[in-house]
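**Q** Dumping the structure here so I can ask a few things about it.
Protein chains in written order, with my numbering: chain A, 1 to 339; chain B, 340 to 678; chain C, 679 to 1017; chain D, 1018 to 1356.
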């Protein structure tokens, strides 16, 4: 038996490099063995940073590398399907970044390919591995707040959307890029599937997109009903400037759980203007770094011990479905039944 | 000129008594001079508490009392219209509790009557007088968070609904009883009128109501769009048990404002089980006691200095309209256009 | 029997007016009937504000007024003794502001006079009536944190000291003006008497006082040991600019209680500089307004029902003793044994 | 030039293993190459965990290993001096856990040995590398709160002291084991040396130690004056049960900085008893894990780039001096002048 699972990073962007750095050293029984990225500069930089000598412009070549046992797919979303299917066909286990794919059909193909070739498929909803999210889930499952009634989740990011996100047809918009996590969080805490949604979007902060991309929205709110009768509310935003903001509330029949801190550290400065000042967290990278690590460890643990990942292709597919139907709801100004 | 405005309390329930106690002593240039309540026991108790000798079973008699310059209407909502119109016809200024009335038509009658008889009409959305709400409003108006994008407001109460609330046709339900304030808060912070709403309700905590009142809901969420394009999210709940919970978030193009504390005091107890414990506020009475006082002072100030109240009959009417259309949205599972 | 206790305010400064306003209306069975202040302008203004027609330049005249049943002594500290003794001799119950007096001997005289003439003597340590302080005390007394080990208390005020405070010989300094409350808080939570103290003071913010008042300190810390073996730490400061700051920690054998909030309201503003901003409370007047009211009600309750006040002359005297010995400790750079 | 600094862990206890795990992978240009511990079981377990094949019962043997470039000294304090001097003589750079040694004389020997043999000596006051402590220091240094007036620091640990700590003569007591960090924090924020201290200790939670170790204290408070006139207050405690609690306040002439969070995660649970519940952090290991990592990186950076460590032997020695004189102050009930 191999003592270390060899992992190949496909797509050397920000999220990919967080995973890769974890695999260098902090994930027992794993090591990073190859990097694939079509952009030479990114690939070279990643190889240097990670201390890896095997680099591939085309991930199909990487999949032939016998040192590679598993892959992290962290490419732009539109390439996820092809990379995943190819990895499955090569017998490599897959950890795939969110959103899982561009369409439900793509997700379905990915799930089938992984099942057919008997490889693991884990979707990277890392919040499920965050200490606060997990503690909240345990307490909900233990019945501490009775039955869940309503789950609220918001994600707001500080940065201006990349121009490629303006075309909702190509990016699936902020529902995909920002709210995939919220969508998954509601499914997780309700333990149920989406039954009916109603989403409203608007472009408030990106005037440069208005002329060419009238469908683009940088702020979205979504009202959700679940099969088991529970309620959900999501709000998502891009370019909020004040920082990165991800908070959740779970209201039950017998109590409430809140989670999510927006502060970068514990320092509070009180000034002569009678104001006190705290510093806001600026990105998910720092906020969820421990969650990424736990997620990566879980992936290796599932491979080594032949377990089903805690976040499956089904979870990824259902989130994609809600993204697509949510965009339809925004576009057509109507309620969408999902069942 | 009279040195003190004589105020008559019509309806000696909880909210009414809060106002009345304020008028005894803490509102300059005002005093409580009479109490009207058809229930003898309540009326007598209120007269005793307030140190008032004039008590009337029928408010029509009270309105003939020359010592009465103004009235507080704090009866059950269904009597608001008649009491208000009668007071206006008697030339008395009116401070009317929320919800303003059962229907938009009733509100309209009240507004017309007060206008015709040239008396003040102030609706008791006391949150607008709360120090935190006011500070937030000032900062929003000063442009500190840019343009408003989304306003979120929740109100949750700890107590089991009274049986009379179960019949939505008669009570207008939690949207009226609990969320009137949230509905007003969104109008106030957006500075705009409701354009489109979608509400979802469910009964999660009151199984005893299910058989006879299938329309009853104790939890409601509402998605709101405003004429000026801003977004809003409301959630309301009854019988949440953990305490009284009223919080607001205002997300702007350049920042965020949060407000609302859920704690009864500043005490935190750290225990050997590694948990710390804080005490929750249990009711709006303590949370908003200072706001009631400011509201009452404002009412007298408007009378004495002939100002238009900060919360008008129009504000009350628009909230009633949203309550009624929100109930329709819940009942018919559809989006309602309000324009 | 009289239906209302007639109260005379002696000293129409800030603290005095807070009490007086409470007695106008919010304290059952009490009313303010007279004001005494040697400064005509202050006296007239207070009479106008309070709606009182009886004003006296000399409190000795006020004490002859048969409408006066009780007095609030809120003069400068150096006049407390004379006013209290005179009030006692006139048979008037006394609520005396802190610090109780300039010396332990004065306190002793006051206690004896009140005892001799069988009048109540309550010292205005209003924090004991604050909701958070009381909740903490109840939980300590209920054994929730085991036995008390260490009590920490700080008081810091935003304003520049008045020039008359610079002469420690005359003012007893910040230990008296600022830390009297902390000194009392430690006695209250430990349930014991001071055994040994060590205080250190310095002048950090008032350079204008340095030449003429080398003994003046605007920052003080004090280490305290109690008869029952418990520990205490105090720190006090003037002119901290950032706001008013009064917090307490009670460390027990089995837990910890913290109390005290420094925020003026619940508003938090998140800004594009990634900072969030909250507003600081600026004075004890707003922070402890409810505590003043409870204190005033308690005073009247003690008179009407012949109870011993919760804060006695002994409590006031022990605080004065610690102030004086604390000043000695600062001056002589040595530990002081108090037993 | 070597591409990786080879590090040997001397003393495979809790703190040592935290460092060692960091060096495995997270510290660039470093790797762990050997473990030394006289207890075979501990040594073997550490070798297994760290994946290291070189294990030594006697660190003197480890120091002969050419793969070892630097050492982490994490033995019991009483062995620090010998290990450090031996490492220096062998030309190995030293990262030494706190407290630096048992006496000032030992510290002095260590400093001289490292200077003589031209090796680095860094003392592991890891709080200086914590994100919140660093942010506070930067803001203090930037003058945001004016000049520092008073620094308060507390450290309280949840666990019962080990029996070997009961003998203050051998352990230097909680001032050494718990408050070394607080002592360093005050020096760091005041930027000055201790001039005068007064400490009080008591045994409140360890009745089993009273008979045999009457000098043992599990709670200590210390009043501190600095050469530059600034003030300091420390309190330290063992076996507080409720969790691990390290907080700091820096009061300046123009403001205040507070830092330190006591919560394990961001989850708050609101329950039907009207209480909300948060979970306390239970140990320094989790609270300061990122600080340990920064500290270890800094050590390697100093070696590679020939820099003076941010925390020197002098810093370590001054803390030991205050510990010893603080214990004297407790024992002799007197103020100690340190200059």
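Note that CB positions come from ideal geometry on N, CA and C, so glycine has one too.
For the beta strand (DSSP E) that residue 685(B) lies in, which residues bound it at each end?
**A** With chain B running from 340 to 678 in the structure shown, residue 685(B) is simply not present.
**Q** For the putative contact between residue 487(B) and residue 591(B), defined by C-beta atoms under 8 Å, what is the C-beta separation to the nearest angstrom?
**A** Against the second chain, residue 487(B) aligns to sequence position 148. Against the second chain, residue 591(B) aligns to sequence position 252. Indeed, because the Cβ distance is near 5 Å, the residues count as touching under 8 Å.
**Q** Under 8 Å, do residue 691(C) and residue 752(C) count as touching if we go by C-beta distance?
**A** As a working mapping, residue 691(C) is identified with position 13 in the third chain. As a working mapping, residue 752(C) is identified with position 74 in the third chain. Yes, the Cβ-Cβ distance between residue 691(C) and residue 752(C) is below 8 Å.
**Q** DSSP on residue 162(A), reduced to helix/strand/coil?
**A** Taking the first residue of the first chain as 1, we reach residue 162(A) at position 162. It is coil, neither helix nor strand.
**Q** Going by the beta-carbon positions, is the gap between residue 1190(D) and residue 1234(D) smaller than 8 Å?
**A** Taking the first residue of the fourth chain as 1, we reach residue 1190(D) at position 173. Taking the first residue of the fourth chain as 1, we reach residue 1234(D) at position 217. A contact, by the Cβ cut-off of 8 Å.
**Q** Let me know if residue 601(B) comes out buried or exposed under the rule of 16 or more other beta-carbons within 10 Å of its beta-carbon.
**A** What you label residue 601(B) is simply residue 262 of the second chain in a count that begins at 1. With 16 or more Cβ atoms within 10 Å of its Cβ, residue 601(B) is classed as buried.
**Q** Which runs of the alpha helix (DSSP H), 4 residues or longer, sit entirely within the stretch 233 to 290 of chain A?
**A** List check, alpha helix (DSSP H) in window: 284 to 287.
**Q** Scan the stretch 1072 to 1130 of chain D and note each continuous beta strand (DSSP E) run of 3 residues or more that stays entirely inside, going in chain order.
**A** Segments of the beta strand (DSSP E) lying fully in the stretch 1072 to 1130 of chain D: 1087 to 1090, 1110 to 1113.
**Q** Please list, in chain order, the residues of the stretch 452 to 481 of chain B that have any C-beta partner in chain C closer than 8 Å.
**A** Within the stretch 452 to 481 of chain B, the residues whose Cβ lies closer than 8 Å to some Cβ of chain C are 470, 471, 474, 475, 478, listed in chain order.
**Q** What residue ranges within the stretch 6 to 53 of chain A form continuous beta strand (DSSP E) runs of no fewer than 3 residues, ordered along the chain?
**A** Listed in chain order, they are 30 to 36.
**Q** Run the CB neighbour count on residue 1248(D), radius 10 Å, all protein chains shown included, and call it buried at 16 or more, exposed below.
**A** The residue given as residue 1248(D) occupies position 231 in the fourth chain. Its Cβ being crowded by 16 or more others within 10 Å, residue 1248(D) is buried.
**Q** Is it right to say residue 731(C) is buried, meaning 16 or more other beta carbons lie within 10 angstroms of its own, or is it exposed?
**A** As a first step, residue 731(C) is located in the third chain; it is residue number 53 there, counting from the start. Result: exposed.
**Q** Can you list the residues of chain B that residue 240(A) reaches, using a CB-CB cut of under 9 Å?
**A** In the first chain, residue 240(A) corresponds to position 240, counting from 1. 488, 590, 591, 592, 593, 594, 595, listed in chain order.
**Q** Nearest chain D C-beta to residue 988(C) closer than 8 Å, yes or no?
**A** Start at 1 with the first residue of the third chain, and residue 988(C) comes out as number 310. By this cut-off, residue 988(C) is not an interface position.
**Q** Please decide whether residue 899(C) counts as near chain D, where near means a Cβ-Cβ distance under 8 Å.
**A** Along the third chain, read from residue 1 onward, the residue named residue 899(C) stands at position 221. It does; some Cβ of chain D falls within 8 Å.
**Q** Please check if any C-beta of chain C sits within less than 8 Å of the C-beta of residue 1076(D).
**A** One-based indexing of the fourth chain puts residue 1076(D) at position 59. Chain C contact via Cβ: absent.
**Q** Relative to the C-alpha of residue 1007(C), which residue among 890(C), 961(C), 877(C) is closest?
**A** Walking along the third chain from the start, residue 1007(C) turns up at place 329. Closest option to residue 1007(C), Cα to Cα, is 877(C).
**Q** Considering only DSSP beta bridges, list what residue 1141(D) is partnered with.
**A** In the fourth chain, residue 1141(D) corresponds to position 124, counting from 1. For residue 1141(D), which the question treats as bridged, DSSP gives no partner whatsoever.
**Q** Quick test of the definition: if touching needs 3 or more C-beta pairs under 8 Å, does the stretch 919 to 935 of chain C touch the stretch 818 to 835 of chain C?
**A** Contact between the stretch 919 to 935 of chain C and the stretch 818 to 835 of chain C is present, because at least three Cβ pairs lie under 8 Å.
**Q** State the start and end residues of the unbroken beta strand (DSSP E) segment that holds residue 874(C).
**A** One-based indexing of the third chain puts residue 874(C) at position 196. Run containing residue 874(C): 872 to 880, per the beta strand (DSSP E) assignment.
**Q** Which class does residue 340(B) belong to by DSSP, given the choice of helix, strand or coil?
**A** Working through the second chain from its first residue, we reach residue 340(B) at position 1. Its pLDDT being 48, under 50, residue 340(B) is placed unreliably by the model, and the measurement read from it follows with that caveat. It is coil, neither helix nor strand.
**Q** Between 1211(D), 1174(D), 1194(D), which has its C-alpha nearest residue 611(B)'s C-alpha?
**A** In the second chain, residue 611(B) corresponds to position 272, counting from 1. Taking only the C-alpha atoms, the option nearest residue 611(B) is 1174(D).
**Q** Between the alpha carbons of residue 332(B) and residue 1297(D), how many angstroms are there, rounded?
**A** The structure shown does not extend to residue 332(B), since chain B is modelled only from 340 through 678, so no value can be given for it.
**Q** For residue 288(A), which residues in the same chain have their Cβ closer than 8 Å to its Cβ, ignoring the five residues on either side in sequence?
**A** Counted from its first residue, the first chain places residue 288(A) at position 288. Cβ within range, chain order: 126, 127, 130.
**Q** List the residues that DSSP assigns as beta-bridge partners of residue 491(B).
**A** Here residue 491(B) corresponds to residue number 152 of the second chain, with the count starting at 1. Its beta-bridge partners are 572(B), 588(B).
**Q** First and last residue of the alpha helix (DSSP H) that includes residue 332(A)?
**A** For the purposes of this step, residue 332(A) is taken as the residue at position 332 of the first chain. First-last of the alpha helix (DSSP H) with residue 332(A): 313 to 332.
**Q** Using 8 Å as the threshold, is the stretch 417 to 436 of chain B in touch with the stretch 449 to 465 of chain B, meaning 3 or more CB pairs across them?
**A** Yes, they touch.
**Q** For residue 948(C) and residue 1082(D), I'd like the C-alpha separation in whole angstroms.
**A** Residue mapping note: residue 948(C) aligns to position 270 of the third chain, counting from 1. Residue mapping note: residue 1082(D) aligns to position 65 of the fourth chain, counting from 1. In a straight line, the C-alpha of residue 948(C) is about 55 Å away from that of residue 1082(D).
**Q** Could you round the C-beta distance between residue 922(C) and residue 960(C) to whole angstroms and report it? I think they count as a contact, below 8 Å.
**A** Within the third chain, residue 922(C) is the residue found at index 244, counting from 1. Within the third chain, residue 960(C) is the residue found at index 282, counting from 1. About 6 Å separates the two Cβ atoms, so the contact holds.
**Q** What does the alpha-carbon distance come out to for the pair residue 1238(D) and residue 1178(D)?
**A** Taking the first residue of the fourth chain as 1, we reach residue 1238(D) at position 221. Taking the first residue of the fourth chain as 1, we reach residue 1178(D) at position 161. Roughly 17 Å between the two C-alpha positions.
**Q** Please report the residue range of the beta strand (DSSP E) in which residue 1243(D) lies.
**A** As a working note, residue 1243(D) is residue 226 in the fourth chain. Residues 1236 to 1243.
**Q** Grab me the residues of residue 745(C)'s own chain with a C-beta within less than 6 Å of its C-beta, minus the 5 sequence neighbours each way, in chain order.
**A** Taking the first residue of the third chain as 1, we reach residue 745(C) at position 67. Around residue 745(C): 684, 711.
**Q** Between the stretch 262 to 274 of chain A and chain D, which residues of the former have a C-beta closer than 7 Å to a C-beta of the latter?
**A** Residues passing the 7 Å Cβ filter: 265, 266, 267, 268, 269, 270, 271, 272.
**Q** With DSSP as the reference, identify every bridge partner of residue 337(A), one or two as the case may be.
**A** Stepping through the first chain from its first residue, residue 337(A) is reached at position 337. In DSSP, residue 337(A) forms a bridge with 196(A).
**Q** Give a yes or no on whether the C-beta atoms belonging to residue 920(C) and residue 697(C) are separated by under 8 Å.
**A** Numbered from 1 along the third chain, position 242 holds the residue referred to as residue 920(C). Numbered from 1 along the third chain, position 19 holds the residue referred to as residue 697(C). No.
**Q** Out of curiosity, what's the CA-to-CA distance linking residue 1281(D) and residue 1293(D)?
**A** Along the fourth chain, read from residue 1 onward, the residue named residue 1281(D) stands at position 264. Along the fourth chain, read from residue 1 onward, the residue named residue 1293(D) stands at position 276. C-alpha separation (whole angstroms): 15 Å.
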